[in-house]
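Residue numbers (our numbering), protein chains in the order written: chain A, 1 to 456; chain B, 1001 to 1456. Glycine is no exception: its CB is placed at the ideal position from the N, C-alpha and C atoms. Written below as structure tokens is the structure these notes are about.
Protein chains: 2
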Amino acid sequence: MSEKTIPYKIYLEESEMPKAWYNVRADMKNKPAPLLNPATHEPLTAEELSHVFCEELVAQELDNDNAYIDIPEEIRNFYKMYRPSPLVRAYCLEEKLQTPAKIYYKFEGNNTSGSHKLNSAIAQAYYAKKQGLKGVTTETGAGQWGTALSMACSYLDLDCKVYMVKVSYEQKPFRREVMRTYGASVVPSPSDTTEVGRKILAEHPGTGGSLGCAISEAVEVAGRDPSYRYVLGSVLNQVLLHQSVIGLETKIAMDKYGIKPDVIIGCAGGGSNLGGLISPFMGEKLRGEADYQFIAIEPASCPSFTRGTFAYDFCDTGKICPLAKMYTLGSDFMPSPNHAGGLRFHGMSSTLSQLYHDGLMEARSVEQTSVFEAAEQFARVEGILPAPESSHAIRAAIDEALKCKETGEEKTILFGLTGTGYFDMVAYEKFHDGEMSDDIPTDEVIAESIAKLPKI
Amino acid sequence: MSEKTIPYKIYLEESEMPKAWYNVRADMKNKPAPLLNPATHEPLTAEELSHVFCEELVAQELDNDNAYIDIPEEIRNFYKMYRPSPLVRAYCLEEKLQTPAKIYYKFEGNNTSGSHKLNSAIAQAYYAKKQGLKGVTTETGAGQWGTALSMACSYLDLDCKVYMVKVSYEQKPFRREVMRTYGASVVPSPSDTTEVGRKILAEHPGTGGSLGCAISEAVEVAGRDPSYRYVLGSVLNQVLLHQSVIGLETKIAMDKYGIKPDVIIGCAGGGSNLGGLISPFMGEKLRGEADYQFIAIEPASCPSFTRGTFAYDFCDTGKICPLAKMYTLGSDFMPSPNHAGGLRFHGMSSTLSQLYHDGLMEARSVEQTSVFEAAEQFARVEGILPAPESSHAIRAAIDEALKCKETGEEKTILFGLTGTGYFDMVAYEKFHDGEMSDDIPTDEVIAESIAKLPKI
């Protein structure tokens, strides 16, 4: 198909939208390692997991066999409220860079959560409702996941309790207010509403909290009431499954216009966006049908793929969650408080960790100031003010396009633009004022944290 | 066409996007009154206006004859970055309200300015660039217009100076930061950088400023340097012309699916969104080809249509701008500081004022707390957290739909959803905390302000 016929933005018709999620685990030769019981170190059974997660989500979490899982009609209808998301040809960025590369991005920020998180939030809320539960609990750091879950719960009339990392709760009152608009109750973590919270407060009075601590509190609260369950916005197999809608839509749109990406880039914190975007393409690679270069981009201040170790670790600070085998910096690792936005989890999705371990994808880390330079450059030509998280992928996409400029290669680059930065203007301000730093952890810090991994 | 085939969101193909703006003045029997020279009270000539505005914009401002004006290709390419905007069928809201009405909204918030303002910003910046100017000056209140203009100028490499109402500058640091991301310089108004600013500061030390004052400063600064011009985001004929792209896209999409609206609703401050949305429909009404009910919705705290008078008035506090004939509360009128968001200009577009005066459209005012109730209700079912301005139209659309529920009428309601409220969370917080008030001006206050109108 000729160049000119590719529109700036490709929107699928409703009839073209995916009707099933794709489960990449079905095509993996080496399956991701199972979650372990933190007490016994034995693989968790469906029965044990069902105390934490809804039944259908447990089934999805453990399903390494079925390649496609139907998206219930109610979820597909909700998706229609904000999906399909556009696949955008970055004509303006290409021109600005004077690159022969063709750049595409899948933009997930056109909904009030400001990110892709809503794709899994509505799925998890739907199964909770279907099971007759009263509500769900969760944690949120930067706030996208909490917002997304609040939106989904409000739509389905489910109660939603969000434990928000205290430092974010205080620094981002607007995120909190959006959640309140959707009827969620938002508690700064650590709080005195849980045992684990009280313990952490006693040990570290005045702490600003962490994602791992907020997870512990949310899990504890869900465990107290059989009509509640805990839900999580990233890392888990089920979340990657739901997020596959990103990659599926992208692939359908690209196939429609005869576009084949050479390089696929995504930012990686817990891995939900990256995993979702690459899944169907990775499936082709695993089945030997096509080849792609996959690049995970993580912050240099929280480099789990590039400087972590592949081992079983705790997902939370309170050490009450299942153990997951993943690339990890150790559950005690804390990125510098100067690190803006999300992508600050110490570990990484087990599925992506296995794919990375098997050499099926690459990973790179990028420094914060160079990420914001890319963000501003992108905003000025493509119009969208990107989230700090997404801007990691922009940085890498620009770098790849500039390499093409040197070599003359006409590569097709695809990246995931997960969201918008409207609630991250404090970080942009620091960048403009020259007050942003790149706090890269020393080898000693990482070694110390990794030394505390559980012995399994 | 059967109900089921209408998608949740209708996106036009690029090839279906409008190639010309529609100028409703060409079809008006009674043309809007001309702008007058504030010193002589004579109609301003093109030559006089060209000291303030770019030449092509002057031609557009004065053109009451040509129904269609081509959109230059460069502007159409920029539009492709964030347009077509979706026409959304509010299936979820209809279901929640249990109304037989069909509700559609044209959503203009999916771009970083968060509003429809970008449609005219890029046009005005384009003509400035084409004329070889170095830059433009403007004012901004709530911040959408300043953001939109910064984006357009950054794209075209034009200098952009924004005078931002001081109270907004201080209360909305994030809006300011978005403008800085796009390279604009943002000055709190009143400032000591202008004569008029210094005069106002001397008379009212510690004032939080006003839109009328910021306009005066921006006009003064543009007047000093022949390579600069002043640009304005609403009120003017040229702005309504550019904003007709909203209505044109809407009409093309509706015609495509055989939908005919009975009621068309828009919020009205200076009138740019309302005028843009209704233009092509109003054209049909003026030509006797179809009939529609048009409803302008304004805040009860700044009710220029419903409680103002139709007369010549100043557009700015410093009284250096042209005089416009419009529905006005008097240029000294200031809405209560408790009024959130925009829609706080004392006057109204001359074109819309004439149409209203001729009985071609209706106007209603709504109170702030009921607007935020509607905003929250909408956000919870339609996913989008709306701007306070847009929520005025939501309030009226919900009220119309509830009337249909009583009467059983299956009306088709169309409203303009101009933008998102991500930078208005302070107002949402006040609403949630029960601290929001409805400050309706007394008859005495309005009479006093109107008594000061210039005698013409």
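Per DSSP, residue 1241 of chain B is one residue of the alpha helix (DSSP H) stretching across 1237-1256. The three-state reading of DSSP puts residue 1300 of chain B in coil, since its state is none of H, G, I, E or B. In the three-state scheme derived from DSSP, where H, G and I count as helix and E and B as strand, residue 1321 of chain B is classed as coil. Scanning its chain for C-beta atoms nearer than 7 Å, with the 5 sequence neighbours on each side dropped, one finds around residue 236 of chain A the residues 61, in chain order. For the 9 Å CB-CB criterion, residue 1219 of chain B and residue 1052 of chain B form a contact. Straight through space, the alpha carbons of residue 1308 of chain B and residue 1150 of chain B are spaced by roughly 33 Å. Under the Cβ distance rule, residue 1385 of chain B counts among the residues neighbouring chain A, one pair being separated by less than 9 Å. By the C-beta density criterion, residue 1047 of chain B is exposed, having fewer than 16 other C-beta atoms within 10 angstroms. Under a criterion of Cβ atoms nearer than 9 Å, the residues of chain B adjacent to residue 429 of chain A are, in order, 1173, 1174, 1176, 1177, 1180.
Here residue 1247 of chain B is not near residue 1351 of chain B, since their CB atoms are 9 Å or more apart. Per DSSP, the continuous alpha helix (DSSP H) segment holding residue 153 of chain A begins and ends at 144-156.
Taking C-alpha positions only, residue 383 of chain A is separated from residue 90 of chain A by approximately 11 Å. When only Cα atoms are considered, residue 1312 of chain B and residue 1042 of chain B end up about 12 Å apart. Taking 9 Å as the cut-off, the beta carbon of residue 1340 of chain B is found no closer than this to the beta carbon of residue 1254 of chain B.
Using a CB distance cut-off of 9 Å, residue 1325 of chain B does not count as an interface residue toward chain A. With a 10 Å radius around the Cβ and a threshold of 16 neighbouring Cβ atoms, residue 1204 of chain B comes out exposed. Using a CB distance below 9 Å, the part of the region 363-388 of chain A facing chain B consists of 375, 376, 379, 380, 381, 382, 383, 384, 385, ordered along the chain. When DSSP states are grouped into helix, strand and coil, residue 98 of chain A belongs to the coil group.
For residue 1079 of chain B, the enclosing alpha helix (DSSP H) starts and ends at 1073-1082. DSSP, read as helix, strand or coil, puts residue 20 of chain A in strand.
Residues of chain A whose Cβ lies closer than 9 Å to the Cβ of residue 1018 of chain B do not exist, since the nearest Cβ in that chain is about 16 Å away.
The continuous alpha helix (DSSP H) containing residue 407 of chain A extends over residues 388-407.
Annotation: residue 182 of chain A is outside any beta strand (DSSP E) and is labelled neither H nor E by DSSP. Around residue 190 of chain A, no beta-carbon contact reaches into chain B at under 7 Å, the shortest distance being about 24 Å.
Among the CB atoms of chain A, none fall inside 9 Å of the CB of residue 1163 of chain B.
The beta-bridge partner set that DSSP reports for residue 1139 of chain B consists of B:1163. For residue 1074 of chain B, no Cβ of chain A is located within less than 9 Å of the residue's own Cβ. Around residue 154 of chain A, the beta-carbon contacts reaching into chain B at under 7 Å are 1380.
9 Å or more divides the Cβ of residue 1161 of chain B from the Cβ of residue 1132 of chain B. The DSSP-derived three-state label of residue 1118 of chain B is helix.
Residue 1454 of chain B and residue 1390 of chain B have their alpha carbons spaced roughly 32 Å apart.
At a cut-off of 9 Å between beta carbons, residue 432 of chain A contacts chain B. Counting of Cβ neighbours within 10 angstroms places residue 285 of chain A among the buried residues, the total reaching 16 or more.
Taking residue 277 of chain A as the centre and dropping the five residues before and after it, the same chain places the C-beta of 246, 247, 266, 416 closer than 6 Å to its C-beta, in chain order.
From the beta-carbon of residue 14 of chain A, the residues of chain B found nearer than 9 Å are 1007, 1008, 1009. Contact annotation for residue 310 of chain A against chain B: no contact, minimum CB-CB distance about 38 Å [criterion: below 7 Å].
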